[in-house]
Each structure stands twice: as structure tokens, then as C-alpha cells.
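Numbering (UniProt numbering), first residue to last: 1 to 74.
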């Protein structure tokens, strides 16, 4: 009977550790991506030039603001 309790406690601790680890990792990645966005203005400018568009600073600012708003929603 004691072995059953030990096994149940071990399984519960394992599940709690996995859940806690997932949420800590998720919070860390969200803060990392907020501080270091995956796309910056230079990358966006190069991307637009490759698509055949002449990027204006106004258009780049508009797209960066839209991406920032999208990140803030999540």
C-alpha cells in the first residue's frame, strides 16, 4: 500500500514539474521576443526591396508598428 502512494506522489510531482517548466519557459520566451524582436527595420527594408517595392521610411514605420501591436496583443 505504501508503494502505491510513493508512485502516485512521484507521478504528481513529475506532472507538476512539467507544467511549471512549460509556463516558465513560455514566459521567458515571450519576454525574450519582446526585448529582441525577430525582424528589425533593416531586415524589413531588405525584404521589401527583394519583393520589388521601394521602401519608404513611413511604410517601414507603419509595418513595424503593426508588428509591435500584434506582439502586444499576445
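Positions of the beta carbon are idealized from the N, C-alpha and C atoms, including for glycine. The structure presented is a predicted model; accordingly, all values stated were derived computationally and were not measured.
Judged by their CB atoms, residue 45 and residue 55 are nearer to each other than the 8 Å cut-off.
Within the region 5 to 56, the runs of alpha helix (DSSP H) at least 4 residues long that lie entirely inside it are, in chain order, 41 to 50. Using a C-beta cut-off of 8 Å, the region 36 to 45 makes contact with the region 57 to 64, since at least three inter-stretch Cβ pairs fall below that distance. One Cα belongs to residue 70, the other to residue 48, and the distance between them is close to 19 Å.
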